[in-house]
Each structure stands twice: as C-alpha cells, then as structure tokens.
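Asker: Input: one structure, supplied below.
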Amino acid sequence: MLKAQRDSIRLLRGILVASVVLPTALFGYAAWLGYHNTNSIADRQIDQTRDVITEHALKVFESVERSLAEITEIVRDQSDSQIMDGEATLHLRLKRIAAGSEQVKSLWIFDSRGRALVSSLGHPPPTTDYSDRDYFQAHVERDVGTFIGQILRPRLPGAGAPFFSVSRRRPPSDGRFTGVIQASLLPDYFEGFFAKISREAGGYAALVREDGSILARHPAIGRNASIGPNSGLGKRMLARDAEGTLTMTSAVDNVERKLAYRKLADLPVYVVSGLETRAIRANWLATLGSYLIFGLPATLALIAIVMLALTRTQRLYEEASRRQTAEKALKEAQRLESLGRLTGGVAHDFNNLMMVVGGSAQRLRRRHSDPQDRRALDMIDSAVDKATALTRQLLSFSRRHAVSARVIDLAECVDKFSDVLRQSVRRDIAIDIKRPAQPVPVRIDPNEFEIALLNLALNARDAMPDGGRIAIAIKRQRGNAGRSGEVAVLTFSDNGSGIAEDIRDRIFEPFFTTKSVDRGTGLGLSQIYGFVQQSKGEITVDSELGRGTTFRLSFPISDEAPHAEPAAADQPPPRVAQPTTLLLVEDHPDVAAVAADYAQQCGFDVIAANSAEAAVELLNRRRDIRLVFSDIVMPGMSGLELARLIREHHPDIAVVLASGYSDRSATAVEERFPLLQKPYTQQALRDALIGALGTTAAI
C-alpha cells in the first residue's frame, strides 16, 4: 500500500513537472524567436532611417557648397577694397542666395583679419572681430577645404538661433590668405527633419562631427553636447570607420541605444540613427504578452488541477510525518529534561557527600599531627577538589550551575592567571597578552572565567604539536546591533591547525571532541559556552585549516567598580567578637554536623533545625538568633522560601543560603541573598557569615 502511494505521488509529481516544463520550454522557444524577429525588424528600421538622413544630409551640404562656390566665383580676384565698394550689391545677392535655402541662416565674406566685408543679414556689415571663431581659425594656417564648425551662438549685436558653420577659403590672388567665405546653418532645421522620420517610440537621429561634437539631434538636448572619445561610437569615429552598427549607452542622456552610423563622403560629418534598447525590449515584451494571454490560463489551469491532486495525496503523509516529528521532539525534550534533573539531583547529593568528606578531613587534620596522616588528608582534600571540578562540569553541561558573579577587572584577572596559563602549555608555545590601559569591569564568576581560559589554552596547545603562539587581547568596543552600550571583548587566538568547517558548528556540543579518549571529554568548550551564556555574554569562533583559530568572548561592561579580591590567610579562622547565635537549617544530618563544626570553630553558638518548618518555629520562640544559615534544597519549604519569610518578618536577622545544586540558586543571587556553593571550606563559611552580619570580626 505504501509503495503504491509513493508511486502515485511520483506519477503526480512527474505530471506536475511536465505541465510546467513543457509549456515553459515552448514559451522559451517562442520568446527566443520573437526576440530575434524583433531585433531584426529594429535593425532594418535603423538602417532605413540612416539611409534617409544620409541622403538628406548629402543634399543639404551639396546645396550649401554650391552656394559657397557661387559666392567664390563672384569675389574671385577681387581685393577687400573692391568687395567693400560693391558691398551693397553683394549684400542683396547673398541675401537672395540665403533665402533660397531654408537650412541656411546667413552667408558671410570675411577679410584676412576676421572682419566682415559682406553679410546677408544686414547692410552695412557689423564691425565685430570674428577672427577667434572656429570657421575662421581653421583656414588661417592652410587650406583645409570645406570646414564644418561647432554649434555657436550669434555674437552681439547679432541675435537669433544657434548655428554651425560651413566655410572655405576665399580664392587667393597671389597665394596668400585673403579671408573666408562662410554659411551659417540652422540645427533646428535638421532636428525638425529628424523628428519627422523618427516617429517610432525611442527613435534617435543625429548629425555629428568627426571629433564627436553633436550638430543636431533628436530627441533634442542642450547645445554643445559631445560624444565622448572613449565611448564605442567615439572610438570608431576617431578610427575613421566609415560605416557600422553598435549598441552603447549615451554619455549625454545615459540611455542605451542600438545605433547605425555612416560618414558623409568628403565631409568630416557622420549621420547616426538608432532605437532605444528599452523600446526594442518593450516591443518584444508586447509580443510575449500576446502569447501569454492565450497560453498562460490553460497552463495555470492544468498546473492547478495537478497540484490539487498532489496536495490531497501528500496531506496524509505530511500529517503522519508531523505526528512522528512531534513525538520525536517530545521524547527528546523529555530525555533532556530527565537528564537535567538527574544531573542536578546527582550533583546535589554528590556535593553533600563531598561536603561530609571534606569536613571530616578537616576535623581529622585538627586532631592528627602525624605527617603520614596529613599526607593522607591532603590526598582526600585533593580528591574533594577534583570531585568539585567534575560536578561543576556536569552542571555547566546542563546549564544549571549557579555562578558566583562579581565585578572584576577582566584584564587584571587575565594577568593574574597568566602564570597558570604558561605552565599549562609547553615551552615551545609563547603566550602574548595585550591589555588596555584603563580597567575593564565586568560582572562574571572569576573562577569560571579562569577555567574557561585554561580550557582554551589546553585546546590551543593540542592544536600546536610543533609549537606556536597564543595571543590574548582585551579591549572595549561598542555593542553590536543586538546590544547597547560598551562591551568587553577578549580575543584568544592561536596559529595552530585550525578547525574544519564541517565540524565548526558542533564544537560547543557537550561530549563532542575530535581528541582520543584519553585526551579529552568534550566538556571543555561546552562549559565555556554555558559560562558565557550565564554571564549574559556571547562567544564566536573564526578558524581556517592550517591558519589557526580565534575565539571572541564578549561581556557587558559593568557600571560598578571592580571588587577587590580578599587576601588569602594561612592562619586559623578567627572567631566572632561576641557570642552570636546561628540557626543552622540542613536536612542532611552528616552535612549538618560538618557545617555546625565549621560554625563553632568560627565562634558561633549553633542551634540546628532539620527543615524550614522547624526553623520557623524556632525563630518564633527564640529572640537571640541573629543569623540563619540554610540549605536551599529541602523537603517541604525550600531554603529560598524560608529566606523570603525571614526578610519579610524578621528583617534584623541575616540569612546565608547554601546549595550543592538548585535551579533556584540564580534566583537567590538575583534577590541578593548571600550564597555558598557546596562543598565549601571553613574559611568560605566564615567570610560569608561575617559578611552577612555586617560586623567586624576581631582577628
């Protein structure tokens, strides 16, 4: 049955793919044909427009050259004085010639100094100096034949539309330069003609000099525009390419066009026609739209029918898959929750046992002075320390370890721990530490931080079997997008073998390790990750095989000043200055015995209660109790609930809490109750109790 359903789904999927692929392929082929047809039509249209404007330009310039030739014959062998004597008659003749051509604005005869001898515009001609005009300067040095100038504006006192010039030398009488004959042509005339023949959307036509200066253009733009010499058309014009086609984006209006160009014979002028590529694409898309109007509805209907059948067929499988996924997720969550509870319960009982072992060892140490006995007690103390570290790792794995955070200078903490780091690696590994000049206060557990540094150093050591370098840098920087204010960043880098990309996302998983069984447990980086998360920080890693690894630990900068670390003392624990009654609340009798012994050694009068309920009765009966020391985890009322009742109803009684493990430890710290982690030493108990009392002990 399952095989038949899978086969039916495969069949429906095949039909669905075919219903998409086949119409898409047909449409693609039609689009390809339409694209080429549209471009072919556009090419023919561009070529036809180029032929028309070429023919028109040739006729215009031929007419102008005939006019210039006629004027040349009129003034041949005449001196400037003779021309000026007949200026009135010549003026009328030039005016009549100019009136016969609508593209000609005016006709002029200039002497060798650039002064007008005759003009079709007026009688007598203006006395303005025209020797700086391009149509005059081009002929001074040598005979260049017919010259076509740039767009110019009339010089005062003249007025009117802009023009460009067609000029040639006056016929010399003795080989010397005698002046210029010039015709002023109207760009508006050419632009009007271009507008008539470029009626298609996106049409383009232009008259361009060899140097790229635009004489006339449709669509019209401001005067004195130019085609850049580095553009495609500009390069071809500089290379004297007589004819061709190209596609380019205009530097004048930033419009992409397909162009066809041709050089006019014996003239330094090109004619250009074209179409905007977006107009060509618009025509192509319009053709595709006609295809879609008929083909798309039928294709969509077919796809919809197949998808409906496929959706209904898949729904049963999807619902079954969701149920399986939900059941798997539930089982995984239950497993992790059970593991967390088991870890916490084991840690609590284990810490109580270590508390009893450590306390008993301390009691025996006070009674025995035999060196062999002391050596055995030292071994017991060492085992207790190692067991405590193991418990801490287990709790870090489950993220249920209650950190004892306080404000410290991060850089100072690294400096103090640097000797331990150097001793933990080989001599062929150098450790460089760079710290800022200013303090970097952060609220973290310094012990957990030192363990994190040590784990990073050991991992770096294993990654550098042939020696290398570890660089540690501490700095302040602004928080990223998810953080406000400043953060402290510790960068821990090595130049070892690096971490492969395929396992980089798994390195913080508990018990994941690439080391051999006897080289690591896989809890080191997991413990670091848990510590950083509990400290409201972030940890990232960058690594490249063969280039090393960089870990970045960031913590929020604290507004408080760093707390000074109390100096360690080797002398016996001091006693309180006056008799003080301590109520010890502990349900584990052996732990209660050790705690009572520690408190009595510190000078407290101890009364015991094996539950929070019994402690409440004692508090209501007795008025001499100044301090309560309670475990958090107890049957019935917890130690945290007891502490809240005491704070509410007996605010003059100090409270200190203890825990081997509790998910309420973090809440106790947040509510500012002093907290001792089991197993604790006599000195730690003494400091916590005296600190809670707020008194000064006599030492």
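For what it's worth, full-length UniProt numbering labels the leading residue of the sequence shown as 1, then goes sequentially. Cβ atoms here follow ideal geometry from the backbone N, Cα and C, with glycine treated the same way. Predicted model only: the values in this text are computed from it and were never measured.
Return the Cβ separation of alanine 183 and valine 64 in integer angstroms, given the expectation that the two are a contact with Cβ distance under 8 angstroms.
Answerer: Right, their Cβ atoms sit about 5 angstroms apart.
Asker: Return the CA-CA distance between glutamate 327 and leucine 316, expressed in angstroms with no decimal places.
Answerer: Their Cα atoms are separated by approximately 17 angstroms.
Asker: Using DSSP bridges, identify the partner residues of glutamine 477.
Answerer: Bridge partners of glutamine 477: Val487.
Asker: Taking glycine 122 as the reference, which of Ser131, Ile109, Arg113 has the closest Cα?
Answerer: Comparing Cα positions, the closest option is Ile109.
Asker: Do arginine 257 and tyrosine 204 have their beta-carbon atoms positioned less than 8 angstroms apart in this structure?
Answerer: A contact, by the Cβ cut-off of 8 angstroms.
Asker: Decide if the segment 190-198 is in contact with the segment 154-166; the criterion is three or more beta carbon pairs, one per stretch, under 8 angstroms apart.
Answerer: No contact exists between the segment 190-198 and the segment 154-166.
Asker: Inspect the beta-carbon positions of valine 356 and valine 606 and report whether they are closer than 8 angstroms.
Answerer: Not closer than 8 angstroms, so no.
Asker: What residue from Leu58, Asn455, Glu243 has the CA that sits closest to aspartate 47's CA?
Answerer: If we check each option's Cα against that of aspartate 47, Glu243 comes out closest.
Asker: With three or more beta-carbon pairs closer than 8 angstroms as the criterion, would you say the segment 532-546 touches the segment 460-476?
Answerer: With a cut-off of 8 angstroms, the segment 460-476 and the segment 532-546 do not count as touching, because too few Cβ pairs lie within range.
Asker: Does DSSP put valine 606 in a helix, in a strand, or in coil?
Answerer: Residue state, collapsed to three classes: strand.
Asker: Keeping to the same chain, check which residues put their C-beta closer than 8 angstroms to that of isoleucine 9; ignore five residues upstream and five downstream.
Answerer: Excluding positions up to five away in sequence, the list reads Leu310, Thr313, Gln314, Tyr317.
Asker: Can you tell me whether DSSP reads tyrosine 35 as helix, strand or coil?
Answerer: Tyrosine 35 falls in the helix class under three-state DSSP.
Asker: Return the chain-ordered ranges of every beta strand (DSSP E) run that is complete within the segment 652-695 and spans a minimum of 3 residues.
Answerer: With a minimum length of 3 residues, the continuous beta strand (DSSP E) runs that stay inside the segment 652-695 are 654-659, 675-677.
Asker: Per DSSP, tyrosine 270 forms a beta bridge with which residues?
Answerer: Answer is Val208, Lys263, bridged to tyrosine 270.
Asker: Three or more beta-carbon pairs under 8 angstroms between the segment 96-111 and the segment 137-145, yes or no?
Answerer: Judged by Cβ distances under 8 angstroms, the segment 96-111 makes no contact with the segment 137-145, as fewer than three pairs qualify.
Asker: Just how far apart, CA to CA, sit alanine 568 and glycine 691?
Answerer: Any reading at alanine 568 must be qualified, since the residue scores a pLDDT of 44, below 50, and its modelled position is unreliable; the value itself is stated next. Cα-Cα distance, rounded: 16 angstroms.
Asker: For valine 616, which of Ile451, Leu583, Leu22 has the nearest alpha-carbon?
Answerer: Minimum Cα distance to valine 616 is reached at Leu583.
Asker: Is the beta carbon of leucine 275 sitting closer than 8 angstroms to the one on alanine 42?
Answerer: Cβ distance < 8 angstroms, so leucine 275 and alanine 42 count as in contact.
Asker: Rounded to a whole number of angstroms, what is the C-alpha to C-alpha distance between arginine 170 and alanine 220?
Answerer: The straight-line gap from Cα to Cα measures roughly 34 angstroms.
Asker: Give the DSSP-derived three-state secondary structure of glutamate 256 in the structure shown.
Answerer: In the structure shown, glutamate 256 sits in a strand (DSSP, three-state: E or B).
Asker: If you draw a straight line from the C-alpha of glycine 228 to the C-alpha of glutamate 70, how long is it?
Answerer: If I take the Cα positions, the gap works out to 37 angstroms.
Asker: Assuming leucine 267 and phenylalanine 61 make a contact with CB atoms under 8 angstroms, what is their CB distance in whole Å?
Answerer: That pair is a contact at about 6 angstroms.
Asker: Nearest-angstrom Cα distance between proline 446 and leucine 410?
Answerer: Approximately 9 angstroms between the Cα atoms of the pair.
Asker: Counting along the chain, where does the alpha helix (DSSP H) carrying glutamine 182 start and finish?
Answerer: Element bounds for glutamine 182: not the alpha helix (DSSP H) but the beta strand (DSSP E), 180-185.
Asker: If you follow the beta strand (DSSP E) that arginine 236 is in, where does it begin and where does it stop?
Answerer: Arginine 236 -> not in any beta strand (DSSP E); alpha helix (DSSP H) instead, spanning 232-238.
Asker: In or out: arginine 547 buried (at least 16 other Cβ within 10 Å) or exposed?
Answerer: So arginine 547 ends up on the exposed side.
Asker: Here's the rule I'm using: 16 or more other beta-carbon atoms within 10 Å means buried, otherwise exposed. How should leucine 545 be labelled?
Answerer: With fewer than 16 Cβ atoms within 10 Å of its Cβ, leucine 545 is classed as exposed.
Asker: Are residue 700 and isoleucine 472 touching if we call contact CB-CB under 8 angstroms?
Answerer: Not covered by the structure: residue 700. The range shown for the chain is 1 to 699.
Asker: Taking the CB atoms as reference points, tell me whether threonine 49 and serine 290 lie closer together than 8 angstroms.
Answerer: It is not a contact, given that the beta carbons lie outside the stated cut-off.
Asker: Rounded C-beta distance between valine 628 and valine 655? I'm assuming under 8 angstroms.
Answerer: About 5 angstroms separates the two Cβ atoms, so the contact holds.
Asker: In three-state terms, what does DSSP make of isoleucine 451?
Answerer: Isoleucine 451 falls in the helix class under three-state DSSP.
Asker: Grab me the residues of threonine 249's own chain with a C-beta within less than 6 angstroms of its C-beta, minus the 5 sequence neighbours each way, in chain order.
Answerer: Only Glu256 meet the Cβ criterion.
Asker: Let me know if isoleucine 293 comes out buried or exposed under the rule of 16 or more other beta-carbons within 10 Å of its beta-carbon.
Answerer: It counts as exposed.
Asker: Rank Arg281, Lys475, Ala457 by C-alpha distance to the C-alpha of proline 439 and give the top, closest one.
Answerer: Of Arg281, Lys475, Ala457, the residue nearest in Cα terms is Lys475.
Asker: If we count the other Cβ atoms within 10 Å of its Cβ and call it buried at 16 or more, is tyrosine 29 buried or exposed?
Answerer: The residue in question, tyrosine 29, is exposed, as its Cβ has fewer than 16 Cβ neighbours within 10 Å.
Asker: Determine the DSSP secondary structure at serine 8, reduced to helix, strand or coil.
Answerer: Three-state result, serine 8: helix.
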